[in-house]
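Q: Heads up: the sequence shown runs through residues 22 to 331, numbered per my numbering.
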Amino acid sequence: MKAVICTKYGPPEVLKIQEVPKPVPKDDEVLVRIMATAVNSGDVRVRGLAMEGLMKLFMRFALGFSKPRKPILGTVYSGIIETVGKDVSRFKVGDKVFGMTGFNFGTYAEYISIKEKDNISLMPENANFEQAVSIIFGGQTALYFLEKAKIPEKKNPSVLIIGGTGSVGSSAIQIAQYYGADVTAVCSSKGKELVESLGVSSYILYDQEDFTKQNFQYDFIFDAIGKTTKKQCKPLLKKGGTYKTVGGFEYAAESLEQLVSLKELYEKGNLKAVIDKTFTMEEVVEAHHYVDSGRKKGNVILVVSKENHL
């Protein structure tokens, strides 16, 4: 099968399409023919080892020193089950599924073997492959941090989302609103139209004003791009308020419950797929350059296969 191999840490050009053995599923696994995956901020950070200080050293220990030990990157997928192991009971051949692999990576490829008990679920019934894969990374991260801040338990909390137009930020806006939050988004002038389309009427355009200078305070501040510190944002927090960032050492742990929640939110119309651009797998270098540029709004999708595509 074809797969994108990260040959070493570096710029997008280190990514090469190569022929590798097609995985053979074990008795408790399913073989998924991947139809679509996504290029997200986590992928480009791993490829470029774009971390600072101790975090970079930690990531070398975790991922590999000179190149990733697991060279097929990608952490989300949607596709069709082609084979099921003899002990599998949750799925059948032909099921349309989506899921996340975390630090196991492996989704920049035509096929992947997944354990039945891992983070894999039937796709939302009203989504195509690109839409389904687009809600996973941002949605899962947003769910994790919103739940850590106990937003589902609060009544009409005020929430500030910094970086409201990325995959995480756009998901956080929608999920926070679902929980009844009063959301203010921080974005650029170019992102204004997107956050408005997500139902946000209160926003701060960072290219026109310094959002840290406002007088309003919030129950929860979520930095969805990792560009701020708690110290910077502390004056904006209510007493007892919570600050979270994707840029720290806290890893957004993944669970099957999160995946099922995203499926249900999408099917009910409470979560939209926000897709910026779509590339083919052969255009993976171009896709990584685009995400590196910082211009991405929502998600960048890699179409791996078009056969039987919705």
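Cβ atoms here follow ideal geometry from the backbone N, Cα and C, with glycine treated the same way.
Owing to the predicted nature of the structure, the values given are computational and were not obtained by experimental measurement.
#1: Let me know the alpha helix (DSSP H) ranges lying completely inside the segment 96-178, each 4 residues or longer, listed in chain order.
#2: Measure the C-alpha to C-alpha separation of residue 165 and residue 140 and round it to an integer number of angstroms.
#3: Which class does residue 64 belong to by DSSP, given the choice of helix, strand or coil?
#4: If you draw a straight line from the alpha carbon of residue 161 to that of residue 274, how long is it in whole angstroms?
#5: Roughly how far, in whole angstroms, is the beta-carbon of residue 55 from the beta-carbon of residue 133, given that I think they are within contact range, below 8 angstroms?
#6: Report the CB separation of residue 156 from residue 210 in whole angstroms; it is logged as a contact under 8 angstroms.
#7: Alpha carbon to alpha carbon, how far is residue 101 from residue 50? Give it in angstroms, no decimals.
#8: By the DSSP assignment, the alpha helix (DSSP H) with residue 87 in it spans what residues?
#9: Using only the alpha-carbon positions, how far apart do residue 321 and residue 150 sit?
#10: If residue 420 and residue 29 are in contact, beta carbons under 8 angstroms, what's the gap, nearest whole angstrom?
#11: Any idea which residues DSSP pairs residue 25 with across the strands?
#12: Roughly how many angstroms separate the alpha carbons of residue 264 and residue 107, rounded to a whole number?
#13: Could you tell me whether the segment 202-209 touches the segment 172-186, using the rule of 3 or more Cβ pairs below 8 angstroms?
#14: Runs of 4 residues minimum, wholly inside the segment 250-283: which ones carry the alpha helix (DSSP H) assignment?
#15: Please classify residue 80: does DSSP put it in a helix, a strand, or coil?
#16: Residue 241 to residue 201, Cα distance in whole Å?
#17: Taking just the CA atoms, how far does residue 271 sit from residue 252?
#18: DSSP three-state label for residue 329, please.
#19: To the nearest whole angstrom, what separates the beta carbons of residue 96 and residue 121, a pair I think is in contact under 8 angstroms?
#20: In chain order, what residues of the same chain have a beta carbon less than 8 angstroms from the beta carbon of residue 306, not counting five sequence neighbours either side?
#21: Give me the Cα-Cα distance between residue 333 and residue 287, rounded to the nearest whole angstrom.
#22: Output the distance between the C-alpha atoms of residue 285 and residue 199, rounded to the nearest integer angstrom.
A: So, from the data block:
#1: Here the runs fully enclosed are 150-155 and 157-169.
#2: Along the sequence shown, one-based indexing puts residue 165 at 144. Along the sequence shown, one-based indexing puts residue 140 at 119. Roughly 15 angstroms separates the two Cα atoms.
#3: Counted from its first residue, the sequence shown places residue 64 at position 43. Shown here, residue 64 sits in a helix according to DSSP, grouped into three states.
#4: Taking the sequence shown and counting its residues from 1, the one referred to as residue 161 is at position 140. Taking the sequence shown and counting its residues from 1, the one referred to as residue 274 is at position 253. So the two alpha carbons sit approximately 9 angstroms from each other.
#5: Counting from 1 along the sequence shown, the entry for residue 55 is found at position 34. Counting from 1 along the sequence shown, the entry for residue 133 is found at position 112. In this structure residue 55 is in contact with residue 133, their Cβ atoms being roughly 6 angstroms apart against a cut-off of 8 angstroms.
#6: In the sequence shown, residue 156 corresponds to position 135, counting from 1. In the sequence shown, residue 210 corresponds to position 189, counting from 1. Separation of the CB atoms of residue 156 and residue 210 is rounded to 26 angstroms, and the pair is thereby denied contact status at 8 angstroms.
#7: Stepping through the sequence shown from its first residue, residue 50 is reached at position 29. Stepping through the sequence shown from its first residue, residue 101 is reached at position 80. Roughly 14 angstroms between the two C-alpha positions.
#8: Here the question's residue 87 lines up with position 66 in the sequence shown. Element bounds for residue 87: n/a, residue is neither H nor E.
#9: Residue mapping note: residue 321 aligns to position 300 of the sequence shown, counting from 1. Residue mapping note: residue 150 aligns to position 129 of the sequence shown, counting from 1. Rounded to whole angstroms, the gap between the alpha carbons of residue 321 and residue 150 is 13 angstroms.
#10: Examination of residue 420 is not possible in this model, given that the chain is present from 22 through 331 alone.
#11: Taking the first residue of the sequence shown as position 1, residue 25 is located at position 4. Beta-bridge pairing links residue 25 to 38.
#12: In the sequence shown, the residue the question calls residue 264 occupies position 243. In the sequence shown, the residue the question calls residue 107 occupies position 86. Whole-angstrom Cα-Cα distance: 47 angstroms.
#13: Yes, they touch.
#14: The alpha helix (DSSP H) runs lying completely inside the segment 250-283 and spanning 4 residues or more are 251-254, given in chain order.
#15: Your numbering for residue 80 matches position 59 in the sequence shown. Reduced to three states, the DSSP call for residue 80 is helix.
#16: By one-based count along the sequence shown, residue 241 stands at place 220. By one-based count along the sequence shown, residue 201 stands at place 180. Looking at the two C-alpha atoms, the distance is approximately 13 angstroms.
#17: Within the sequence shown, residue 252 is the residue found at index 231, counting from 1. Within the sequence shown, residue 271 is the residue found at index 250, counting from 1. Whole-angstrom Cα-Cα distance: 17 angstroms.
#18: By one-based count along the sequence shown, residue 329 stands at place 308. Since pLDDT at residue 329 reaches only 48, below the 50 mark, its modelled position is unreliable, and the value read off the structure follows with that caveat. Judged by DSSP in its simplified three-state form, residue 329 adopts coil rather than helix or strand.
#19: By one-based count along the sequence shown, residue 96 stands at place 75. By one-based count along the sequence shown, residue 121 stands at place 100. Indeed, because the Cβ distance is near 6 angstroms, the residues count as touching under 8 angstroms.
#20: Start at 1 with the first residue of the sequence shown, and residue 306 comes out as number 285. The residues 33, 34 and 36, in chain order, have a CB closer than 8 angstroms to that of residue 306 in the same chain once the five nearest residues on each side in sequence are set aside.
#21: Here the chain covers residues 22 to 331 and nothing more, so residue 333 does not appear.
#22: For the purposes of this step, residue 285 is taken as residue 264 along the sequence shown, with counting starting at 1. For the purposes of this step, residue 199 is taken as residue 178 along the sequence shown, with counting starting at 1. When rounded, the distance between both Cα atoms is 12 angstroms.
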